[in-house]
Amino acid sequence: MKNKLISYSIILIFLTIFAVFYKSLKDTNIYIPETKINNDIPIFSAELLLSKENLTSTEIFEMDKFYLLNIWASWCAPCRDEHPILMSLSKNNQLKIIGMNYKDNKKNAKSFLDELGNPYEKIIVDKNGTNSIEWGAFGVPETFIIYNNKIIKKYIGPINREFLIEIQKIIK
Amino acid sequence: MIYSVVGHYSLILGLCAGLILIFFSIQNFKNTNQLDTKILSFSFLQLFFVLISFLSLIISFVISDFSNETVFNNSHTTKPLFYKISGTWGNHEGSLLLWLLVLTLFIFIFLLRTKNQPIKYKILTLGFQQVIIIGFFLFLIQTSNPFNYVFPVPEEGLGLNPILQDPALAIHPPILYLGYVGSSIIFSSALAATTLKMISTSWAVHIKKWVLISWIFLTLGILLGSIWAYYELGWGGFWFWDPVENVSLMPWLALTTLLHCILVLERKEILTSWVIILSIATFTLSMCGTFLVRSGILNSVHTFANDPERGLFILIFLFALIFLSLFIFFFFHQNSKDNSSNFFWLSKETSILVNNWFMMYFLSVVLIGTVYPIFLDVISSQKISVGPPFYHKLIAPFLIPFLFAMAIGPRLKWIRSDFKDKIYLISLLIISISISFFIVKNFNTNILINTILISSALYLFFITLRDFFNKKYKNFAQNTAHFGFSLLILSILFNNLFSSEIITNLKVGETYDNSKTKIVFESINQKKEKNYKSIIANFYISNSEGINNNLSPELRIYNQPNITTSEADIKTTLMKDKFIVINLVQNQDYFNVRYQVKPFMMWIWLSVVMISLGGLVSFLQKRI
């Protein structure tokens, strides 16, 4: 009896260890920058892509309005995939879409927009990628929803239809 | 191209040989008059196929055949020949092939050399070993085939990680694997012996050689890794309690304990449960280490690729082996007469048991420190890292009674002992305490713990030293190993206490000066080698004792892949190492300079060599 109890508990312990190892295999162990949900947006100033203006963050993001910040680059293939969704979102008047052009060549970026259309109201140039880091991003594409100068939602990777519906809910 | 095909197919043939071997073993197991000669020939054939496969991989590396994916990922035409060859096992796929080679080699030697043991036992050991071998074959062919093609064939390879381009590291994996894989023989043989209920003194005599072999290689393998980390990683230490180091230390602790238990079992049929569990633990801990570093759960230089599929395979394989061995242990093993509570308190048996419990404690500390962060991450998604203070605080205090037990234990007699030459033991104790108090008083603030630690190590040192000259005392091997261990602890302690460090930023031509040491940054040279550019800084260092040295640390900027490494310059003398390393500071024209004086470094390495020498002596010794 006592022996059985011991063997069962040992098997149980090993099964637990197995489960934990199994789960940690599934989790990525790549360090993820802290998602800055409900944090104030970083303050910065940057050049715009299509005009030679230099704007500060307070000039771009006004209070009481919804903004979508999309980090993209012409060399990034998933950005191409999500572009039609951004185009359809740009028809929505309640949401202003700001682009952040990440580590890109200006000429390529412009021809990308000529080819697929320009959903962005303004496009900030992030030549060396530092602005994106300030935002807590770690790659392209990434999308943030901003309201009252706060990040209320962050999406990593190309956005999809589900995200589109979610955004529409948030705005309402 | 052709070599990849040859290598790939000989792997598959090796797998087939494994399956045939299992079939023959089952057949032969029923009819056990004599060992089927086919078994021996197929075992040799398997070894031959793996060897062919391994050689073809080496040739692919040597001729820089970039149609092979492994070669493409890990080699480059400008790499020196030596590193082209060592690059064969400097990556995930190749190192697994090496595992397999050693596995098949060892089982072949085992079949050849094992005499005077029942045929059934030999066959069963072979069967268990083939389960492991087939598992590795499948793993290699399924998830990490070293002979995958790349098409179109690239012009140039990606290069070997520069910090792995080092002579110590070129031989570190093979040596360590000999230790790891040796433990697999112990595992299979212990399972076979348990199933056949023949865990006995004669089995202990037979398996002792294998325990010693793997123990010697494991010890040397860890030593080489440590030496490499000391001069290559440029941190100026030799042991960082990094998870990767810990996973090699854990099997070592289990194996060391097993070695002591086997020494008991060799004479008396006791501690059998200990022996079986430790045999299982040593191998599963080695496998667990492979899993942890290869799956990418722990990040380190050993994590060659983050492929969850690989991790999953090893994980399932590992736990299948664990459950198999647990089943065999609980089902077949009868805890017969060996009742450890019957031991007389002052006897060799008791002291071995005390040693076991101490070792188990050290093992659990290392185990918890290594896997707890993984558990915490999974359960509460908190990320923590466990550093040296954890290990030092938990291990150092327990080292004191451990060292005393190590000094007294071997002097005791079997079954029942009493203290002889008490006066001599006590006087040595008093001498040790007073010497260490005298040493510590002059240097350090934390007197109490250091005094006790040093005196316990000194005590072991004196006792073992005296026994070398004591003619009545015959156990030379044990004495050498224990003496080496005392020397190791002493060197580590003195190294910790008396190391000094200067960290400063210097430009060329500048001088750093404090009352004791003067560092002059004289000049800078640039040199171009085949696969890297190097910046060599020349320093002139003089200290208050009037000893002057020229040291030239180096920064190497490798072209393939583009990585900068710092090569420390170390002036090694018998008593102390002078260690200097430079680092680039971003966008500045000065260098970050770290200068360390580390006493007794040499002795740390020497004492580990001495410990394994003890093992070697015991291995070569004929049993009296």
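Listed in order, the protein sequences are those of chains A and B.
For the first sequence, the numbering used here gives the first residue as 1, with consecutive numbering after it.
For the second sequence, the numbering used here gives the first residue as 173, with consecutive numbering after it.
Idealized CB from N, CA, C, for every residue including glycine.
All values reported here derive from a predicted model rather than from experimental measurement.
Check, Outcome
"Please report how far the alpha carbon of L427/B lies from the alpha carbon of I635/B, in whole angstroms.", "25 Å"
"What is the DSSP secondary structure of R285/B, reduced to helix, strand or coil?", "helix"
"Quick one: is S176/B near chain A, going by C-beta distance under 8 Å?", "no"
"At the 8 Å Cβ level, is L25/A part of the contact set with chain B, yes or no?", "yes"
"Kindly indicate which three-state DSSP category P771/B falls into: helix, strand or coil?", "strand"
"Short of 8 Å in beta carbon distance, which residues of its chain neighbour K169/A, apart from the five on each side in sequence? Order them along the chain.", "none"
"For the segment 567-641 of chain B, which segments carrying the alpha helix (DSSP H) assignment without a break, of at least 4 residues, lie completely within its bounds, in sequence order?", "594-615, 619-641"
"Between which two residues does the alpha helix (DSSP H) harbouring A73/A extend?", "Where A73/A is concerned, there is no enclosing alpha helix (DSSP H), given that its DSSP letter is neither H nor E."
"Is H264/B buried or exposed, if buried means 16 or more other CB atoms sit within 10 Å of its CB?", "buried"
"Taking Cβ positions only, does I10/A come closer than 8 Å to chain B?", "yes"
"Only counting the same chain, and skipping five residues up and downstream in sequence, which positions put a Cβ closer than 7 Å to that of V353/B?", "W271, V274, L275, F278"
"What does the Cβ neighbour count give for Y31/A, buried or exposed, with the cut at 16 atoms within 10 Å?", "Interpretation of Y31/A is limited by its pLDDT of 42, a score under 50 that renders its predicted location unreliable; no figure is taken from the coordinates."
"Of the residues E62/A, N70/A, K122/A, I13/A, which one's Cα is nearest the Cα of G173/A?", "This structure does not reach residue 173/A, given that chain A is present from 1 up to 172, and the question cannot be answered."
"Using a 10 Å radius around the Cβ and a threshold of 16 neighbouring Cβ atoms, would you call G262/B buried or exposed?", "buried"
"Residues in its own chain within less than 6 Å of E241/B by CB, not counting five upstream and five downstream?", "N320, V322"
"Taking C-beta pairs closer than 9 Å, name the residues in chain A that S386/B reaches, listed in chain order.", "Within chain A, no residue comes near S386/B; the closest Cβ sits about 24 Å away, beyond 9 Å."
"If the criterion is Cβ atoms closer than 8 Å, does the pair S797/B and G329/B meet it?", "The displayed coordinates of chain B run from 173 to 796. Any statement about residue 797/B would go beyond what the structure contains."
"Determine the contact status of A376/B and I448/B, defining contact as a CB-CB distance below 8 Å.", "no"
"I'd like to know whether the C-beta atoms of K770/B and N667/B end up nearer to each other than 8 Å.", "yes"
"By how many angstroms is the C-alpha of F501/B removed from the C-alpha of K292/B?", "18 Å"
"Across which residues does DSSP place K153/A in a beta bridge pair?", "I145/A"
"For chain B, is any of its Cβ atoms less than 8 Å away from the one on E34/A?", "Any reading at E34/A needs caution, since the residue's pLDDT is 49, under 50, leaving its predicted position unreliable; the model's value is listed next. Answer no: the Cβ-Cβ gap between E34/A and chain B never drops below 8 Å."
"Check the C-beta distance from S458/B over to S355/B and give it rounded, since I have them as a contact under 8 Å.", "5 Å"
"DSSP state of S716/B, grouped into three classes?", "coil"
"Can you confirm whether the segment 540-556 of chain B touches the segment 607-615 of chain B when touching is taken to mean that 3 or more C-beta pairs between the two stretches lie within less than 8 Å?", "no"
"My parser needs the alpha helix (DSSP H) runs of 4 or more residues fully inside the segment 659-730 of chain B; what are they?", "none"
"Closer than 7 Å by beta-carbon distance: list the chain A residues that pair up with F547/B, in chain order.", "V20"
"Under 7 Å Cβ-Cβ, which residues of chain A neighbour G483/B?", "L25"
"Quick one: is E521/B buried, meaning 16 or more other Cβ sit within 10 Å of its Cβ, or exposed?", "buried"
"Quick one: grab the DSSP three-state call for L68/A.", "strand"
"Which one of S228/B, G409/B, S215/B has the shortest CA to CA distance from S182/B?", "S228/B"
"Distance, Cα to Cα, N29/A vs I469/B?", "The pLDDT assigned to N29/A is 48, lower than 50, so where the model puts this residue is not dependable, and the model offers no usable value."
"Have a look at W400/B and S258/B and give me their C-alpha separation to the nearest angstrom.", "15 Å"
"Residues of chain A with CB closer than 7 Å to the CB of I494/B, please, in chain order.", "F14"
"Does N29/A get closer than 8 Å to chain B when you measure Cβ to Cβ?", "Low confidence applies here, because N29/A scores a pLDDT of 48, under 50, leaving its location unreliable; read the following figure in that light. For N29/A, the answer is yes, since a Cβ of chain B falls inside 8 Å of its Cβ."
"Establish whether the CB of L535/B and some CB of chain A are separated by less than 8 Å.", "no"
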